[in-house]
Amino acid sequence: MQSVPHQAPPPDEEPRPEARGRMIRRRALTLLIIGLLIGVPAGYLVISANQSRDSGRDKAAKYSATGLTEGWPSRVQRRVYDVSIPPYSSDVAHYETNNWKTSRLYVQFLTSNEGLDRFLGELGFSSDALRRDDLTIGVRDRGVVGWDFTGDGPWWGLSREQKDPMPSQDVVVNWSNPDHPMVYMVSATTP
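Listed below in C-alpha cells is the structure:
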C-alpha cells in the first residue's frame, strides 16, 4: 500500500477544533515562558539594586563615622602621618579626617614606659621633652574624637612642627598609671 502525503483540508472545510486539554496546556506553557522571560531579569535587577544600595550604606557608615575606631591605623596611614605605635601597645584606636586643606590622624594607645620612649624617639624626642600640664592637643581636635583631658593626671605634652607637606604632631600623655602611660596624638598634614 502506498502512502499518500498529508494534504491540507479543502478551504471549504472547517479545521478540526483543538482538544480543550491540549489548549489549556499550550496556554499554560506560553504563560510560564512569558513569566520567566519577564520575571528572571526583573528579579535580577531587584537583587542587584538591593546589593548596590547596601554597599553604599556600608560605605557611607564607614566614612561618616564620628569618633575613634578600635584597632591600628593602616600601614599607609602610619607612613603618611609619620605615626609609629610601639609594639605590644593596647587600647589602640584611631580616626582620620580629610578635607581640601588639612588631613588629620587621631591616635590613642596604652603602652609601657619603654614603649613611650621608643615612640618619642621615633619623633626625635626623649621623655625629657614632655612638659607637665601642657595640653598641646587643642579643644577643637579633642572634640572631634571626644577626648577629655580633665581626669586623673598628671598630663604631659609636646608638639613637633615640620614644614609642609611633612606632618606635624601634637602629643599628650596621661601618666595616671606610672607604668603604663596613655598616649594621645594628632598628626596633621597639609598637601
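The letter at position 77 of the sequence shown is residue 89 when you use this note's numbering, and the numbering goes up by one with no holes. Even glycine gets a Cβ: it sits at the ideal position worked out from N, Cα and C.
In this structure, what does DSSP give as the bridge partners for residue i?
| i | result |
| --- | --- |
| Leu122 | Ser102, Met194 |
| Thr81 | His106 |
| Trp167 | Asn186 |
| Ser96 | The partner list for Ser96 (beta bridge, DSSP) is empty, contrary to what the question assumes. |
| Leu128 | DSSP, once it has assigned bridges, lists no residue as partnering Leu128. |
| Arg116 | Thr109, Ala200 |
| Arg87 | DSSP, once it has assigned bridges, lists no residue as partnering Arg87. |
| Arg143 | Gly169 |
| Ser138 | Ser138 pairs with nothing; no bridge assigned. |
Quick check: the Cα distance between residue i and residue j, rounded to an integer number of angstroms?
| i | j | result |
| --- | --- | --- |
| Thr114 | Asn125 | 31 Å |
| Gln174 | Asn189 | 31 Å |
| Gly150 | Ser86 | 25 Å |
| Tyr30 | Leu44 | It should be pointed out that residue 30 corresponds to Glu in this sequence rather than to Tyr. If I take the Cα positions, the gap works out to 20 Å. |
| Arg172 | Ser199 | 9 Å |
| Asn111 | Gly136 | 28 Å |
| Pro203 | Arg116 | 11 Å |
| Val52 | Ile36 | 24 Å |
| Ser60 | Ala40 | 29 Å |
| Arg91 | Gly155 | 25 Å |
| Gly47 | Thr109 | 51 Å |
| Ser64 | Gly83 | 27 Å |
| Tyr100 | Asn62 | 42 Å |
| Val58 | Pro193 | 53 Å |
| Leu49 | Arg28 | 32 Å |
| Val195 | Asn186 | 6 Å |
| Pro98 | Gly165 | 22 Å |
| Thr42 | Ala54 | 18 Å |
| Asp160 | Gln181 | 18 Å |
| Arg38 | Tyr56 | 27 Å |
Looking at residue i: is its Cβ nearer than 8 Å to the Cβ of residue j?
| i | j | result |
| --- | --- | --- |
| Gln147 | Val183 | The amino acid occupying residue 147 in the given sequence is Leu; Gln does not appear at that position. Not a contact, by the Cβ cut-off of 8 Å. |
| Phe131 | Val104 | no |
| Val119 | Met197 | yes |
| Asp145 | Trp167 | yes |
| Pro177 | Tyr93 | no |
| Thr81 | Tyr107 | yes |
With residue i and residue j assumed to form a contact (beta carbons below 8 Å), what rounded beta-carbon distance in angstroms separates them?
| i | j | result |
| --- | --- | --- |
| Leu128 | Ser138 | The Cβ separation is near 10 Å, so there is no contact. |
| Gly79 | Gly158 | 6 Å |
| Gly169 | Arg143 | 6 Å |
| Ser102 | Glu134 | Contact flag wrong, Cβ pair sits at about 18 Å. |
- [ ] Run through the stretch 29–65 for me and flag every whole beta strand (DSSP E) of 3 or more residues, listed as ranges in chain order.
- [x] For the beta strand (DSSP E) assignment, the stretch 29–65 encloses no uninterrupted run of at least 3 residues.
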